[in-house]
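Asker: If you scroll down you'll find the structure; I have some questions about it.
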Amino acid sequence: MSNNQINFALSTDALTTHETDVLVVGICEEALSNEAKTLDKAMSGQIEALKDAGDITGKVGSLLPLFNVEGIKAKRLLLVGFGKEEKLNLKNLKKGVTAATNWVKGTKAESVTFALLDRCVEKETSLPALMQAVGSALYIYDECKSEKAPARTLKTVHILEKETNDRLENAFNYGKALVSGMNFTKDLGNAPGNVIYPTTLAERAQKLAEEFPSITVKVLDQAEMEKLGMGSLLGVAQGSDEPPKLIVLEYNNEGNEKPVALVGKGVTFDSGGISLKPGAAMDEMKFDMCGAASVLGTFRAVAELGMKLNVVGVIPAVENMPSGKACKPGDVLTSMSGITIENLNTDAEGRLILCDALTYATQYEPEAIVDIATLTGAIIVALGYDVSGLFSNNDALAESLKESAFKADDQVWQFPIWEDTFQDMLESNFADIANISPGRGAGSITAACFLERFVKEIPWAHLDVAGTAWTTGKEKGASARPVPLLLNFLKKYEA
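Next up, the structure:
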């Protein structure tokens, strides 16, 4: 078992008789949870006494470990705070679970059991959120280190429930698939640009299809894209010695029903091209393929669950590099749709590869198209690093995505793309459209307006995840967002 594989298990044991190395029980600020009350009774009021003494605050993420506790079979009891009961949401649940998991990681425990869920009304969402938090806390990426992390002592993560039923079992299986899909996404995003580039990204997709027969993959090379007239995508790729790929995935598990299309930006390294980026933090531009990674991770989760729907994934994979062959500012590119584009800034390359991928996706006549892209720095100015930008030409689709974002705690905020206000900002004197607008205003909106030109009348949404797809600083790494949102969204299309 690799360090990122987790053996999750549901259990209906009684709290007091369940055998585990660490039993994690939630505490709110005002009152004890039902689990804590059960334990308090078995412990002759010790928990209530600790709370009265101020040793247990119940604040979000606060911890109090207890050892050799009489009245229970668990070797250690870990009390974790979830804040005020009326504010117990998925975000605070995950904060508490993350704190507890990090504490357990510092021990030699081989098993941990979480008994938290009596406070959570919608277990269909809270159980996967708990498992997601455990998976994220335990995740490591050491593929490029000469010394690998030591094998994790923690073998099993139990989740304790009074009883199980189909609803809970489904949520449990959903959580396992979500963690698997997110870890797959993180592995792709964290890999350096000399490990994951267009050819190897395509190979990872093909290996995914080998693992899951329900997924088929075809990879279009440069010659095939030239035949299709993908001049916009190829214009971005021409500065690199790495050949571009168009990766097309199909998951078919519901007859002839129209598919949902996911389109993921796959710039495996973005130097900015001739419009070169500043050197500071340019290493993080390996994360510019996180949209593509999230599509692949979502496909993995869908296949593990055997979901009853049809999904198409389209990933334009390129490097954006400066060279004597590179596209220059002012060059005019002809897209697959026939629309000509004045490339005013070669660092606005994401939309140039996505437009051809979107045109390709429309050939499937999908029920909806959702594209995922680390597209603009402007979205970070607007929303920071916790919320993704949402843009859509269809109100019903936008509302569905917002609902899924809330249920998955993978938040988005919707922006307008009013045609009479923003589309004129993309006018060009020399082509049908420019790839950027003049000035600095509405940068994320005009990027979305550019993409909208290529989806015809199909319901479409664009997720700008430039601020949320990875974290920087000491905890630098891919976040696997918006896989939780996408998986929840696709559930709605199941037969």
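Residue numbers in the sequence shown follow the working numbering, run continuously in steps of one, and reach 479 at the last position.
Heads up, the beta-carbon is just placed ideally off N, CA and C, and yes, glycines get one too.
(1) For the alpha helix (DSSP H) that contains residue 397, what are its first and last residues?
(2) Which whole-angstrom value is the C-beta distance of residue 201 and residue 346, which I expect to be below 8 Å?
(3) Does the separation of the CB atoms of residue 11 and residue 64 fall below 8 Å?
(4) Put residue 233 into one of helix, strand or coil per three-state DSSP.
(5) If distances are taken between C-alpha atoms only, which option among 216, 428 and 470 comes closest to residue 415?
(6) Does the separation of the CB atoms of residue 227 and residue 206 fall below 8 Å?
(7) Look at the alpha carbon of residue -15 and the alpha carbon of residue -5, and state the distance between them as a whole number of angstroms.
(8) Tell me the residue span of the beta strand (DSSP E) that contains residue 136.
(9) Could you tell me which whole alpha helix (DSSP H) segments of length 4 or greater appear in the region 56 to 135?
(10) Buried or exposed: where does residue 164 fall if 16 or more other Cβ atoms within 10 Å of its Cβ makes it buried?
(11) Can you list, in chain order, the residues of its chain whose CB lies under 8 Å from that of residue 131, leaving out five sequence neighbours each side?
(12) Distance check for residue 380 and residue 450, CA to CA, integer angstroms please.
(13) Mark residue 260 as exposed unless 16 or more other C-beta atoms lie within 10 angstroms of its C-beta, in which case mark it buried.
(14) Check whether the region 248 to 256 and the region 167 to 182 touch, using three or more Cβ-Cβ pairs below 8 Å as the test.
(15) Which class does residue 19 belong to by DSSP, given the choice of helix, strand or coil?
(16) From residue 48 to residue 139, what distance separates their C-alpha atoms?
(17) What does a CB cutoff of less than 8 Å around residue 361 pick up in its chain, not counting 5 residues either side in sequence?
(18) Run the CB neighbour count on residue 116, radius 10 Å, all protein chains shown included, and call it buried at 16 or more, exposed below.
(19) Which whole-angstrom value describes the C-beta separation of residue 3 and residue 57, a residue pair presumed to lie in contact below a C-beta threshold of 8 Å?
(20) Are residue 325 and residue 417 close, meaning C-beta to C-beta below 8 Å?
(21) Please report the distance separating the alpha-carbon of residue 307 from that of residue 220.
(22) Considering just the uninterrupted stretch of the alpha helix (DSSP H) at residue 160, what are its terminal residues?
(23) Got a sec, what are the start and stop residues for the beta strand (DSSP E) residue 271 sits in?
(24) Given residue 83, which residues of its chain have a CB within under 7 Å of its CB, disregarding the five upstream and five downstream residues?
(25) Which one of -13, 155 and 27 has the shortest CA to CA distance from residue 1?
(26) Less than 7 Å separating the Cβ of residue 33 from some heavy atom of the ligand FMN?
(27) Please state whether DSSP places residue 468 in a helix, a strand or coil.
(28) Taking 6 Å as the limit between beta carbons, can you name the residues of its chain near residue 61, skipping five residues before and five after?
(29) Answer yes if the region 25 to 41 comes into contact with the region 72 to 92, meaning at least three C-beta pairs across the two stretches below 8 Å, and no otherwise.
(30) Rounded to whole angstroms, what is the Cα-Cα separation between residue 399 and residue 374?
(31) Rounded to whole angstroms, what's the CA-CA distance from residue 350 to residue 210? Just pull it up for me.
(32) Can you give me the Cβ contacts of residue 188 inside the same chain, cut-off strictly under 8 Å, excluding the 5 residues immediately before and after it?
(33) Can you give me the C-alpha to C-alpha distance between residue 286 and residue 386, rounded to a whole angstrom?
Answerer: Per the coordinate set shown:
(1) For residue 397, there is no enclosing alpha helix (DSSP H); the enclosing beta strand (DSSP E) covers residues 396 to 398.
(2) Between residue 201 and residue 346 the beta-carbon gap is near 20 Å, outside 8 Å, which marks them as no contact.
(3) Residue 64 is positioned such that its CB atom lies closer than 8 Å to that of residue 11.
(4) The answer is strand: DSSP assigns residue 233 an E or B state.
(5) Out of 216, 428 and 470, the CA that lies nearest to the CA of residue 415 is found in 216.
(6) Their beta carbons are under 8 Å apart, which means residue 227 touches residue 206 by this criterion.
(7) Because the pLDDT of residue -15 is 43, which lies under 50, any placement of that residue in the model is unreliable, and the question is left without a value.
(8) Bounds of any beta strand (DSSP E) do not take in residue 136, whose DSSP letter is neither H nor E.
(9) Every alpha helix (DSSP H) stretch that sits fully inside the region 56 to 135 and reaches 4 residues is listed by chain position as 74 to 89 and 107 to 122.
(10) Buried.
(11) Answer for residue 131: no residue qualifies.
(12) Each residue's alpha carbon lies about 24 Å from the other.
(13) By the 10 Å Cβ count, residue 260 comes out exposed.
(14) With contact defined as three or more Cβ pairs closer than 8 Å, the region 248 to 256 and the region 167 to 182 are in contact.
(15) Helix, per DSSP.
(16) When rounded, the distance between both Cα atoms is 23 Å.
(17) For residue 361, where only same-chain residues beyond five positions count, the Cβ hits under 8 Å are 427 and 450.
(18) Flag for residue 116 reads buried.
(19) Indeed they touch by this definition, with Cβ atoms about 5 Å apart.
(20) Contact flag set, yes.
(21) Their backbone Cα atoms lie some 11 Å apart in a straight line.
(22) It spans 150 to 174 - the alpha helix (DSSP H) in which residue 160 sits, taken as one unbroken run.
(23) Premise fails: residue 271 is in no beta strand (DSSP E) and is neither H nor E.
(24) Cβ neighbours of residue 83 within its own chain (closer than 7 Å, five residues either side excluded): 45, 47 and 64.
(25) Measuring from the Cα of residue 1, the nearest candidate turns out to be 27.
(26) Here there are no bound small molecules, and the ligand FMN is not part of this structure.
(27) Judged by DSSP in its simplified three-state form, residue 468 adopts helix.
(28) Same-chain partners within the cutoff: 7, 50 and 53.
(29) With a cut-off of 8 Å, the region 25 to 41 and the region 72 to 92 do not count as touching, because too few Cβ pairs lie within range.
(30) Their backbone Cα atoms lie some 6 Å apart in a straight line.
(31) Cα atoms of residue 350 and residue 210: separation of roughly 24 Å, rounded to the nearest angstrom.
(32) Counting only Cβ-Cβ distances below 8 Å, and skipping sequence neighbours, we find 172, 180 and 280.
(33) Taking the Cα positions, residue 286 is about 20 Å away from residue 386.
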